[in-house]
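Structure record follows, encoded as structure tokens.
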Amino acid sequence: MTSKKSNAAFLSNLVVTDPDTGELIRKDTGEVISDNIPSQQKEWHSFNIEEGEIRARVGMPTSLAFHDMGLATKIGKEATDAYGNVIDAATRTRMGRLRMWNSRSQSYSPTDRSLQRAFTMLYRIKDRLGLPNHVTEKAAYTYRKAQERGLIRGDSIGSVLAASIYVAVRQSGVLRTLDDISKISDIKPGEVARSYRRIISELDIKVPLIDPRKYIVKVANNLNFDEKIKRKALELMEQAQKKNVIVGKDPISMAASILYLVNLSERKPRTQAEIAKVAGVTEVTVRNRSKELRKKLDLSLVRSSM
Numbered sequence: 063m064t065s066k067k068s069n070a071a072f073l074s075n076l077v078v079t080d081p082d083t084g085e086l087i088r089k090d091t092g093e094v095i096s097d098n099i100p101s102q103q104k105e106w107h108s109f110n111i112e113e114g115e116i117r118a119r120v121g122m123p124t125s126l127a128f129h130d131m132g133l134a135t136k137i138g139k140e141a142t143d144a145y146g147n148v149i150d151a152a153t154r155t156r157m158g159r160l161r162m163w164n165s166r167s168q169s170y171s172p173t174d175r176s177l178q179r180a181f182t183m184l185y186r187i188k189d190r191l192g193l194p195n196h197v198t199e200k201a202a203y204t205y206r207k208a209q210e211r212g213l214i215r216g217d218s219i220g221s222v223l224a225a226s227i228y229v230a231v232r233q234s235g236v237l238r239t240l241d242d243i244s245k246i247s248d249i250k251p252g253e254v255a256r257s258y259r260r261i262i263s264e265l266d267i268k269v270p271l272i273d274p275r276k277y278i279v280k281v282a283n284n285l286n287f288d289e290k291i292k293r294k295a296l297e298l299m300e301q302a303q304k305k306n307v308i309v310g311k312d313p314i315s316m317a318a319s320i321l322y323l324v325n326l327s328e329r330k331p332r333t334q335a336e337i338a339k340v341a342g343v344t345e346v347t348v349r350n351r352s353k354e355l356r357k358k359l360d361l362s363l364v365r366s367s368m
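Heads up: the sequence shown runs through residues 63 to 368, numbered per the numbering used here.
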């Protein structure tokens, strides 16, 4: 008994729990032992004792990304009561009918079927893009609002969901482009863009601009550029912002073009085609943006400091 207790104490000191992801992680190696630990935190807030007593409950946390928000009632198939006693045949028959109608009432309405399909896609896209939970919740909220307004009519569920995800990543400042989302969701970018425009127009959503400097870091990391190139590219981006060169331009194409110009001073510079492929833009776009930047920016300052 003593050895078992000492081993348990040793493991408890060696393992930590990440409350955000629900993962069990070893302190010494960083190995994820388990990634399916239920969160012990409350998903609600209370500001007095009475409110806390009213909201207290058991079960999984509620979430907008579930078609029933995680509040579904499930009737088990056990043939025993709470005390372990076998229930009689009449009660089992009655519970079977209740189970059947409970299942039908939750899963067979058109709204539930639409939400089930959409949120199944949402979790698949979330996993493949590595989106955090708060972005998933925002996307689910936007999709529900779009469904209430009837914006799915005329568009597919997939395109409206992909557009909702793009709205969520823009609102959260997460670097995922519309092309990234459309590629993972297997929806044409034009369809996603059309649904996106409808959503922000009909729902009157104000989508903040993403800092273009974040795209510099993202593209540079994907190209394995060193810190010197990143720093000079950020300086050039700041110069472009001050001169309003990037106004109305796609920030990721501007980031790719600036990195191309800065990288020309290297011994073996990357080509426009290489940088365009990593950034997810066309080579023609990088070429045209580079010509425009050469005319409007002072590139001598960057080259002299390289």
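Built from N, CA and C at the ideal position, the CB exists for glycine as well. Please read these numbers as outputs of a predicted model, since none were measured by experiment.
Spatially closest choice to residue i from the options, by CA coordinates
i	options	result
R332	I87, F287, N147	F287
S176	R161, L265, R215	R215
R293	I267, E140, T155, A317	A317
L358	T344, A302, D312	Sequence inspection shows Lys at residue 358; the Leu mentioned does not correspond to that position. Considering only alpha carbons, the answer is A302.
T155	G146, V254, K139, N147	K139
K276	I320, K250, S263, R259	I320
K268	T204, V281, K280	T204
R232	I262, E300, D217	I262
L191	R238, E328, N284, R356	R238
Environment of residue i [buried if 16+ CB atoms lie within 10 Å]
i	result
S315	buried
A141	exposed
V348	buried
V307	buried
K200	buried
Inter-residue CB distance, residue i and residue j (contact presumed, cutoff 8 Å)
i	j	result
L223	L184	6 Å
V236	V197	6 Å
A272	L296	Position check: residue 272 holds Ile in this sequence, whereas Ala was assumed. That belief does not hold up - the Cβ atoms of I272 and L296 are roughly 15 Å apart, past 8 Å.
I219	R256	Actually they do not touch by this definition, with Cβ atoms about 14 Å apart.
I246	V254	Incorrect: roughly 11 Å between the Cβ atoms, too far for contact.
A202	F181	7 Å
P313	P251	About 16 Å; that fails the 8 Å criterion.
DSSP state of residue i mapped onto helix, strand, coil
i	result
R88	strand
S101	Here S101 scores only 48 on pLDDT, less than 50, and its place in the model should not be relied on; the value that follows carries that caveat. Three-state result, S101: coil.
T333	coil
V77	strand
R154	helix
T142	strand
V343	coil
Any C-beta of chain C under 7 Å from that of residue i
i	result
S221	Reference to chain C is not applicable here, since this structure consists of a single protein chain.
query = If you scan the segment 181-262 from start to end, which runs of the alpha helix (DSSP H) of 4 or more residues do you find wholly inside it?
reply = Listed in chain order, the complete alpha helix (DSSP H) runs (minimum 4 residues) inside the segment 181-262 are 195-210, 219-234, 240-247.
ask   = Of all the alpha helix (DSSP H) runs that stay within the bounds of the segment 266-327, which reach a length of 4 or more residues?
value = If only complete runs of 4 or more residues are kept, the segment 266-327 shows the alpha helix (DSSP H) at 274-284, 289-304, 313-325, in order along the chain.
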